[in-house]
Structure formats: structure tokens, C-alpha cells
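Participant: Here you go, one structure.
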Amino acid sequence: MIPKYPLKEIELVEEHTYNHFSKIASKYRSLRITDSEPILFIKNQLNGKSVKSIADIGCGDGRYSLELLKNLGNECFIHCVDSNEDMLKSLVDYFNQNRMDGFCIRQGNASRLPLETESIDCITTFNAIHHFDLLKFFAEVSRALKEEGHFFIYTRLRNQNFRSIWGKHFPLFIEIENRLYEFDQIKKIIQQSDMRIHSKKIFGYNRTFSLAQLLEKAKNKHYSTFSLYSEDTFKKSIKTFEQNIRNNFDDLENIKWEDENILIEIKK
Ligand SMILES: C[S@@+](CC[C@H](N)C(=O)[O-])C[C@H]1O[C@@H](n2cnc3c(N)ncnc32)[C@H](O)[C@@H]1O
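In my numbering, the protein residues as written are 61 to 328.
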């Protein structure tokens, strides 16, 4: 059963977004690809610095939060923040299955982080900023970070989305997904906070999936973009997508493409 939208606790998160993530919470991890490269890059950038407290905002079911904790050492404690209660429940199960402690969950909004002022060494956010009010979020990150604190944003830029298999072959995908940012837009909003961009790194991933696997992901709405289609348009679009893939790829068991993401490192 989908729980009712808890308006009071997480006001400002769109009901539609909330319900989408509630529906998908129990299977989210199995539908998405978790890449280790950004975690290793973050570890490297922190370069042995003592990081005792991390917060992962829009942590979802915790697939990246867990990798962070595993990689950043035993001394670390991670605050897992998300507006969605069902995602957080799934995160708790996942951490318990992996026998990881050193974490807490905080249901809350990126616009008003449930974190003490100047209490956190490192804040991360993976695949989530397009759901946030960025101006408010960056002000909150700056408030919660300690002096010299680190902030990492991992996301898909709008132009990276255009070039993905979905952007190229799924009808209306790039028109409907109008929430993603370009780098310059993020840069401009960062400049309005008291933080500065320290580095940026593009990650490219060679993907191979069968047509059946691609269809399975889309039908389960692994990207929230798919939840923005009307039911009728989605049904028609998935048929057209299948036909587009059949027309453009010879080996339907091994459809290959490159995904891209960006990691932006910001310092206070
Ligand atoms: C695409 S998922 C990414 C989850 C996770 N970071 C990952 O990469 O697997 C986006 C997450 O952001 C959360 N979210 C959306 N709007 C939010 C907001 N305003 N404040 C906090 N979390 C939010 C959703 O509930 C969802 O779990």
C-alpha cells in the first residue's frame, strides 16, 4: 500500500514526486546501476582528511550512502536525509543486511536540512538535485557544513541526458525531462552562495543491456521522468521505443551505449 503523503513533515516536496518514490522504493536499487567510480573519486579528493560526519541528501534507498560509509572508514558517521519515508525504510533494511552501523536516517527536505549548523565535514547528493530548490538547498548546505567542509554533487546534466539511450530513442523523454540542469546553471547558483567550485569531473560508462532488460527498467519507471507521462502516452511511447531500438541495433541481446554523469566538488 502507498502511504499517504505526509504533507506536514515534508512540505514543499511535490506530492507526485513523493508518490513516485514510494511506489518504487522496494525495487529502486535493483532497477538502477550503481557506479563505484564517483565514490572512489570522492575518497581520493578527500585525500585522507579526517571526515567524521557525512550527510547524503536525497539518499533514497541508500545505495550510494552505503558505499560512502564503506569507503570513508570506520570513524565515519553518515546522516541519510530524504523526504520519502519508504525510501528511508528500504535504506535501513539495506544497511542492516550489510551489517553496517554508523548511520542515522532523517526524513526532511533539502530546502531545510535536518542538520545542526556547522556540524558536517562532507555533504553529498547523488542523482537528486533536479528535485530540489537549488538556491535554498545550497544555502542550507553552506549552513550545515563546517568551515573548510566539502560538498559533492553527482548528477546527469541536461545535455548528458539528451545523449543517453533514453534521450535518443524514447519518445518525448528529453521534452518531458525539463528539470535537469546544465553545468553553467549550477555554477551560477553556487556563485550566489558563499561556496566555490573546486573541481568537476565527467564520468563516462559503457553500458550493455538486452532489449528485454531496457523494457523492464522503463516499465518499472526506473527514472522518475517516466512517471511524468500520461498513462496513454507512456504506453504508446514504450512501443515506439522498442521499435526504435529494433531499427537501430542489430544485436538485441547486447545493446551498447555510453552514459555520462558529472561530479562537481564544492568547498565552503
Ligand atoms: C532519483 S532518487 C536518488 C536516490 C539516491 N541518491 C540514489 O542515487 O540512488 C531522488 C531522491 O530524492 C528524494 N527527494 C526528492 N525531493 C526531495 C527534497 N526536496 N528533499 C529531500 N529529498 C528529496 C526522493 O525521495 C528520492 O529518494
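Glycine included, every Cβ here is placed at the ideal spot set by N, Cα and C. In this text, all values refer to a predicted model and were calculated from it rather than measured experimentally.
Assuming the contact rule is C-beta atoms closer than 8 Å, F243 and L323 should be a hit. Round their C-beta distance to whole Å, please.
Facilitator: F243 to L323, Cβ: 11 Å. No contact.
Participant: Can you tell me whether E237 is buried or exposed? The criterion is at least 16 other CB atoms within 10 Å of its CB, across all chains shown.
Facilitator: Result: buried.
Participant: For the beta strand (DSSP E) containing I242, name the first residue and the last one.
Facilitator: Checking the sequence shown, residue 242 turns out to be Glu, not Ile. Here E242 belongs to no beta strand (DSSP E), and DSSP marks it neither H nor E.
Participant: Assuming contact is defined by CB atoms lying nearer than 8 Å, are L240 and N266 in contact in what I supplied?
Facilitator: Going by C-beta atoms, L240 is not nearer than 8 Å to N266.
Participant: Measuring only from the beta carbon, is S259 closer than 7 Å to any heavy atom that is part of ligand 3?
Facilitator: As presented, the structure is devoid of ligand 3, carrying ligand 1 as its sole ligands.
Participant: Taking 8 Å as the cut-off, decide whether the C-beta atoms of I305 and T268 are in contact.
Facilitator: Against a cut-off of 8 Å, the Cβ pair of T268 and I305 comes out as no contact.
Participant: Given 8 Å as the limit, is there contact between the stretch 142 to 150 and the stretch 81 to 89, that is, 3 or more CB pairs closer than that?
Facilitator: Yes: the two stretches touch, three or more of their Cβ pairs being nearer than 8 Å.
Participant: Using a threshold of 8 Å, state whether the C-beta atoms of F198 and I114 are closer than that.
Facilitator: No; because the gap between Cβ atoms is not below 8 Å, this pair is not in contact.
Participant: With a CB to CB cut of under 6 Å and the five nearest residues on each side skipped, what residues in its chain are close to D254?
Facilitator: Here the set comprises S202.
Participant: Hey, how far is the Cα of D310 from the Cα of H229?
Facilitator: Whole-angstrom Cα-Cα distance: 15 Å.
Participant: Using a 10 Å radius around the Cβ and a threshold of 16 neighbouring Cβ atoms, would you call S96 buried or exposed?
Facilitator: Exposed.
Participant: Please report the distance separating the alpha-carbon of R172 from that of P231.
Facilitator: One C-alpha to the other measures close to 36 Å.
Participant: Could you check how far apart the C-beta atoms of V111 and C182 are, in whole angstroms? I think they sit under 8 Å.
Facilitator: Right, the Cβ-Cβ distance comes to about 5 Å (below 8 Å), so this counts as a contact.
Participant: What residue range does the beta strand (DSSP E) around Y214 cover?
Facilitator: Y214 -> beta strand (DSSP E) spans L205 to T215.
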